[in-house]
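Only one structure is covered here, and it is reproduced in the block below.
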Amino acid sequence: MSPRKNYPKKRRPKSGDDEPITIASNQSFEEDDNGLWIVRKLTGSAANKPYRCPGCDQVIPMATPHTVAWLDGDEDNRRHWHNACWTKRNNRRPRTERTRNAPRY
Ligand SMILES: [Zn+2]
Numbered sequence: 007m008s009p010r011k012n013y014p015k016k017r018r019p020k021s022g023d024d025e026p027i028t029i030a031s032n033q034s035f036e037e038d039d040n041g042l043w044i045v046r047k048l049t050g051s052a053a054n055k056p057y058r059c060p061g062c063d064q065v066i067p068m069a070t071p072h073t074v075a076w077l078d079g080d081e082d083n084r085r086h087w088h089n090a091c092w093t094k095r096n097n098r099r100p101r102t103e104r105t106r107n108a109p110r111y
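In structure tokens form, the structure reads like this:
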């Protein structure tokens, strides 16, 4: 009863979008303060129901390509994100805060 069928393992050459080639067809890993995330890019055709994006709290309509991510070993709690929201999330890590209290001179 797995929702994932066997995707054809085709590498689509995408110009201008240098995603690293990943182990599974469209799966990658990202690490942050919470741990290791498994990140999977879904194509529109794989999205057969609407989901709510935790990044912007908006619904991702059916048939919209988006990102699914979950913490390693916690696949039951996987979340569906807009691609843009997932990317933004990475830019917004609290850790990237610089020492902006430092005196200029
Ligand atoms: Zn979103």
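Here my numbering runs 6 ahead of the position in the sequence shown, where the first position is 1. Note that beta-carbon positions come from the ideal geometry of N, C-alpha and C, so glycine has one too.
Legend entry - Secondary structure, alpha helix (DSSP H): runs of 4+ residues fully inside the stretch 60-105: Counting whole runs of 4 or more residues, the stretch 60-105 contains the alpha helix (DSSP H) stretches 89-97.
Inset, instruction - Specify, as a first and last residue, the run of the beta strand (DSSP E) that Lys55 falls within. - result: For Lys55, no beta strand (DSSP E) run applies, since DSSP gives it neither H nor E.
Legend entry - Coarse secondary structure for Asp39, derived from DSSP in three states: Correct three-state label for Asp39: coil.
Legend entry - Residues of its chain near Thr93, where Cβ-Cβ distance is below 8 Å and the 5 sequence neighbours each way are ignored: Here the set comprises nothing.
Inset, instruction - Using only the heavy atoms of ligand 1, determine whether one of them is closer than 8 Å to the beta carbon of Ala90. - result: Yes, the Cβ of Ala90 comes within 8 Å of a heavy atom of ligand 1.
Legend entry - Given Arg84 as reference, the closest of Cys91, Ala75, Asp63 once Cα atoms are compared: Nearest option by C-alpha distance: Ala75.
Legend entry - Same chain only: Cβ atoms within 8 Å of Arg95, ignoring 5 sequence neighbours per side: Contacts found: Gly61, Trp87.
Legend entry - Arg50 CB to nearest heavy atom of ligand 1 below 8 Å: Looking at the sequence provided, one finds Gly at residue 50 rather than Arg. For ligand 1, no non-hydrogen atom lies closer than 8 Å to the CB of Gly50.
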